[in-house]
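Let me begin by presenting the structure, written as structure tokens, before commenting on it.
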Amino acid sequence: DGGITQSPKYLFRKEGQNVTLSCEQNLNHDAMYWYRQDPGQGLRLIYYSQIVNDFQKGDIAEGYSVSREKKESFPLTVTSAQKNPTAFYLCASSIRGRGTGELFFGEGSRLTVL
Amino acid sequence: GEDVEQSLFLSVREGDSSVINCTYTDSSSTYLYWYKQEPGAGLQLLTYIFSNMDMKQDQRLTVLLNKKDKHLSLRIADTQTGDSAIYFCAEGGSQGNLIFGKGTKLSVKP
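So the protein sequences, as listed, match chains H and R.
Just so we're aligned: 14 in this note's numbering is position 14 of the first sequence, and the numbers increase by one with no gaps anywhere.
To convert a position in the second sequence, counted from 1, into this note's numbering, add 114.
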């Protein structure tokens with residue numbers, strides 16, 4: 001079945017460590033997105049990519065980095081510079097420029113910093 | 115700037131109708147969306163409405179759009195305990211992303 005796979009589902013990290021969250025899609029979508037979700041805050045856009053080898057900062061990019069070397073993959077690295085990284089991270093993808101513009105989401109990765 | 119507002123909580127009894135309201139700011143958004151999030155899971159698209167429509171009905175779901183007031187609502191008829199979740203309203207962003215509200219947590223009491 002086509003979809004978006006995020007891994008790991010749960011991740012624990014010590015302060016000062018970088019961690020990378022995986023996002024893979026087999027929907028042949030051009031665009032991919034990373035959102036952060038905090039209780040009562042809704043979803044906030046971290047980074048997005050509309051095409052391979054190109055990505056743009058979203059509203060809260062500080063302390064995060066991404067890469068888009070393959071169409072299917074858009075990993076997110078949470079660096080030690082992110083001051084409050086404990087959150088639920090959601091990856092999404094969409095067809096660029098066509099269709100209804102809806103986003104398809106993965107099941108999320110919950111990061112806890114100890 | 116782009117912004118979406120919705121109330122944070124709604125509590126209803128099983129069998130009643132639920133109405134979740136949302137206001138948005140970007141009148142150029144072609145589509146407006148309702149997503150549902152179960153605990154610990156990702157978001158699933160419930161329904162969407164094209165911006166030149168006033169209403170869309172899909173089984174127990176009715177979406178009403180008032181473009182003049184930039185107001186969107188989602189009505190769930192005969193609400194069931196399985197409808198308990200967080201519901202997000204969203205409008206299209208300028209970069210192909212979606213701008214989400216903070217989510218309305220719907221609690222259904224038996």
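Just so it is clear, CB atoms sit at the ideal spot from N, CA and C, and this is done for glycine as well.
As the structure is a prediction and not an experimental result, all values here were calculated from the model.
In the structure shown, the three-state DSSP call for glycine 101 of chain H is coil.
Identification of residues in the segment 182-212 of chain R having a C-beta nearer than 9 Å to some C-beta of chain H yields Phe202, Ala204, Gly206, Gly207, Gln209, Gly210, Asn211, Leu212, given in sequence order.
Per DSSP, reduced to three states, the secondary structure at aspartate 197 of chain R is helical. Under the DSSP assignment, threonine 161 of chain R falls in the beta strand (DSSP E) whose first and last residues are 157-164.
For leucine 21 of chain H, the closest Cβ of chain R is not nearer than 8 Å. Close to threonine 144 of chain R, with beta-carbon spacing below 9 Å, are these residues of chain H in chain order: Thr100, Gly101. The Cβ atoms of phenylalanine 55 of chain H and tyrosine 47 of chain H sit closer than 8 Å to each other. Among the residues facing chain H, lysine 170 of chain R is not included, as its CB has no counterpart in that chain under 8 Å away. A straight line joining the alpha-carbon of valine 133 of chain R with that of alanine 92 of chain H spans about 27 Å.
The beta carbon of glutamine 56 of chain H sits closer than 8 Å to some beta carbon of chain R. Under the three-state reduction of DSSP output, aspartate 38 of chain H falls in the strand class. In the DSSP assignment, aspartate 54 of chain H is bridged to H:Ile51. For leucine 21 of chain H, the CB contacts under 6 Å within the same chain, skipping 5 residues up- and downstream, are Leu76, Tyr89, Ser109 in chain order.
Secondary structure of lysine 223 of chain R (DSSP, three-state): strand.
In terms of beta-carbon proximity, glutamine 82 of chain H stays away from the interface with chain R, with every pair separated by 8 Å or more. With fewer than 16 neighbouring CB atoms inside 10 Å of its own CB, alanine 81 of chain H falls in the exposed class. Chain R has a Cβ within less than 8 Å of the Cβ of glycine 108 of chain H. C-alpha of asparagine 166 of chain R to C-alpha of tyrosine 145 of chain R: approximately 9 Å in a straight line. At least 8 Å separates the CB of arginine 13 of chain H from every CB of chain R. Glutamine 25 of chain H carries a strand assignment under DSSP once its states are collapsed to helix, strand and coil. Leucine 122 of chain R sits exposed, since fewer than 16 C-beta atoms from the chains shown fall within 10 Å of its C-beta. Chain R places no beta carbon closer than 8 Å to that of phenylalanine 74 of chain H, leaving this residue out of the contacts.
By alpha-carbon distance to valine 222 of chain R, the top candidate from R:Ile213, R:Asp192, R:Phe202 is R:Asp192.
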